[in-house]
Each structure stands twice: as C-alpha cells, then as structure tokens.
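All remarks here apply to the structure that follows.
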Amino acid sequence: MSEENPDFNEVYIPAREVHMYHTEFKYWLKIKTSGVILPGLSGAGGYLVNRKLYVFAGSSANGNVNTLYQLDLTTWIWSMVPVTEPLPSPRDKFAYWSYNNKLYCFGGFGIPLYDYLNGNGTFVQDDTDPASFHQVVRGWNNQLLIFDLDSNTWSNPKCQGPVPLPRAAHAACRFGHKVYMFGGRYRDQRMNDLHCLDLESLTWSGDIYGQGEVPCGRSWHSFTAVSHKCAFLYGGFTSNREPLSDAWLFDISVIQWTKLNVPSNQPRLWHTCSYSNSEVIVYGGCSNNILDYREPTIHRKDVIVLQVQPHSLVRLCLEAVYDNRERTQQEWIYLPYPLLTWLELKLKFVQVMQTLHSSRRHSQVATCSVS
1 MSEENPDFNE VYIPAREVHM YHTEFKYWLK IKTSGVILPG LSGAGGYLVN
51 RKLYVFAGSS ANGNVNTLYQ LDLTTWIWSM VPVTEPLPSP RDKFAYWSYN
101 NKLYCFGGFG IPLYDYLNGN GTFVQDDTDP ASFHQVVRGW NNQLLIFDLD
151 SNTWSNPKCQ GPVPLPRAAH AACRFGHKVY MFGGRYRDQR MNDLHCLDLE
201 SLTWSGDIYG QGEVPCGRSW HSFTAVSHKC AFLYGGFTSN REPLSDAWLF
251 DISVIQWTKL NVPSNQPRLW HTCSYSNSEV IVYGGCSNNI LDYREPTIHR
301 KDVIVLQVQP HSLVRLCLEA VYDNRERTQQ EWIYLPYPLL TWLELKLKFV
351 QVMQTLHSSR RHSQVATCSV S
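Okay, so the sequence shown: first residue is 1 according to my numbering, each after it adds one.
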C-alpha cells in the first residue's frame, strides 16, 4: 500500500524497472530493463558479484519460489540462471551473501525440504501459518546452501560446530572469510542471538555473548558492515510486534555492542540498508505492525541517511566549493577532471531535483549524524 493512499491494494512488482540511488547527490535514477524479467517478489535475496545482481528465491503471488535470476548491470538485461539439479526448496526471508565467487544462503521460511536438497539442515513446521489452512505446509529451516557461480550447481554441505536454530527474517554480514548473523524469528520468538560462520572451514561458533548491553530480540532488521571490524544494526520487529528505530554498532574485534544515538521516530522493518562513503543508507520497508490486519500496512519510500563516520577531506572540500559556487564556479575549470566532474554533476542533479521538487514521486531524504 502506498503512503499517500493506504486503501490501495498491495501488489508484487515485476522488475521491468530498477531504481538507482546516488548516495552523494541524493538522487534517484530509473532504468528500464529487458530480457527474462524477474517477477514480483518479496523476501528475496539480492547480491552483486562482478557487476551482476543475483536474485534468489522469495515469495510471489503464487507462493514461495526457488529461482535464481541475474541482472547484468552493464546491459540491464535480466536472465534466468541455468541451474543443475538438485535444487533448494522454495523459501523467503533468508540470509544471503557472497564469497569467492559463490552465493551463500542460510535459513529462511518456506515449504518442507524433502523433495529438494536436504542432506543437512532441519525443517520445523509453522502451525500458525495462514497458508496451513489451505493444506500448504510451511516453516523455518537452518540449511546452509552454496551456489557455485562457476559450475551453476547448488550444494548443502554439512557444517561443523553448533548450527544455529532454524529461523527467518534474520540478517548477516561478512568480514573477510567470516560471516556474523544476528536475530530472526523461530516459532513465536524473535531472537537476539549472534553467531559466526567461518567460510573456509564451514564451522559455526555457537552463541557469541557480547560485552555490555545487547540489542533486544528482533526480526526483519538490517545488519550491515560499515568498516573492516564494525557492523551496523538497524530497526526490526520485536516479539511484542513493535517496530524498532534503534541503531547499534557491533565491533567484532572486541565482541562488543554499542547503542547509538539516532532519532527514535523512524521505525523500520523489512527494509534495506547499505553503506557508502561514511553513510548508512536505509530505504523502504514498513513502519508499523504489519501483522495487525485491522490497519493498513505503511510502506516507506523515504530514505534515511545516517552518517557513522566523518566525510573524507576531499568530500568536505568539494561540498564547501559547491556551497560557495557563486564565488568559485568561474574557477572550476582549473580543477582536476574528477573534481570538476563531481561539481558539475552535483549542479546538474540539484537543478533537476528543484524542477521535480513538487512531484509526488520525489523521495524524501532524512539525514542525521550518529553519535
């Protein structure tokens, strides 16, 4: 449902168009795609490898899927990746990452495993799932799946160490050859456990207990690497069905959580989060209790920008030159080409944004510093 018209029916949107956001100029660009168009999905996983976006699984209007699509970011052509059987079970709301030209998937929510790759991992049925009334069995799993981009084959290896409980709507981020995974839902519990998987040995760490205060249990949150040793946790949904707007920094070098000072009036769940040039970019998701079917779901289109580190000296100087353009613009031609290009592009984008400012399609951007 849209923010402007909450009575508008929710729909799955095919990827005939993709939208790119310029993180420095705060500008959206819409690009038309072609080829075998990705159908409308939610809860899918997307990861960029060598200028190709790989989108796996998700939930469609007809139920969970287990397809793998790729979008070539040089041609903007979609194609379905030819995959050798056996295949993973259809699922959504899993953790997804890449390492050494392989795609990794852990857990998720979907149908049972027995007709698919099922050598390792556990499936637990959700007896409260509305789909069960239509004789469709779904539930959580704790499988680790690996897709080899060289051979186009899936595998379901056996891991060492204590494997985390089945879960969905959890989040993970990678630091080198280690992946850290936090939270997610299992049965009626939204957890706050933290695990680490060594991708070289495929060994799980077991529960990692950080120092100091720890974030509450949650699902539908984001967990994003913002440096070589720190991950940024934002938002989510509690066991009490409360949307969250808190932010935390986790330092893997000392295993410690730090709660950050961010605005408390920007709850998000089921959103996306990226890190670029000292800023965390939060987009989309929902901001209310999406399981309260008496009220319309509030889907978000605004962008939240959280600055977690100072900008580079070059960026600060460019911003100062641009802000004083009435006095400096005549001298721009003497700057090195990359700096001149940055200033000219920003000037062009700002002019476009001013033209579109009154358009309803203009996306709001909320920016703040994090302390």
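Note that CB positions come from ideal geometry on N, CA and C, so glycine has one too.
Across the structure, Glu24 and Arg51 are spaced so that their CA atoms are roughly 20 Å apart. Buried is the label assigned to Met181, since at least 16 other Cβ atoms lie within 10 Å of its Cβ.
Secondary-structure assignment with DSSP links Arg327 through no beta bridge to anything. When secondary structure is reduced to three states using DSSP, Phe232 falls in the strand class. Straight-line measurement puts the Cα of Asn62 at about 59 Å from the Cα of Tyr334. Distance from the CA atom of Phe106 to the CA atom of Leu202, rounded to whole angstroms, is 12 Å. Residue state for Phe123 is assigned as strand, using DSSP reduced to three classes.
Here His228 is not near Phe147, since their CB atoms are 9 Å or more apart. Between Pro215 and Ser245, the C-beta gap is not smaller than 9 Å, which leaves the two residues out of contact. It is roughly 40 Å from the alpha-carbon of Leu48 to the alpha-carbon of Glu326. Non-local beta-carbon contacts of Leu73 in its own chain, meaning distances under 7 Å to residues more than five positions away in sequence, involve Arg51, Lys52, Leu53 in chain order. Of Lys26, Gly161, Thr122, the smallest CA-CA separation from Leu347 is found for Lys26. Cβ neighbours of Gly217 within its own chain (closer than 8 Å, five residues either side excluded): Gly183, Gln189, Arg190, Met191, Asn192, Thr238, Ser239. Shown here for Leu199: same chain residues with a beta carbon closer than 6 Å to its own, the five before and five after excluded, namely Tyr99, His177 in chain order. Pairwise C-beta distances place the region 328-345 out of contact with the region 243-263, as fewer than three of them are shorter than 8 Å.
Annotated three-state conformation of Lys348 is helix, per DSSP. Within the model, the alpha-carbon separation for Gly121 versus Leu71 is close to 30 Å.
Just measuring C-alpha positions, the residue of Ala172, Arg187, Glu213, Gly212 sitting nearest His195 is Ala172.
In the DSSP assignment, Leu48 falls within the beta strand (DSSP E) that extends over 45-49.
Annotation for Asn141: the continuous beta strand (DSSP E) segment containing it runs 139-148. Around the beta carbon of Asp207, fewer than 16 other beta carbons lie within 10 angstroms, which makes this residue exposed. Cβ-Cβ separation between Val282 and Leu260: approximately 13 Å, too far for a contact (criterion under 8 Å). Restricting attention to alpha helix (DSSP H) runs no shorter than 4 residues, the region 285-331 encloses them at 313-323, 325-328, ordered along the chain.
Comparing C-alpha distances from Val179 to each of Trp220, Ala225, Arg294 shows the shortest one belongs to Ala225.
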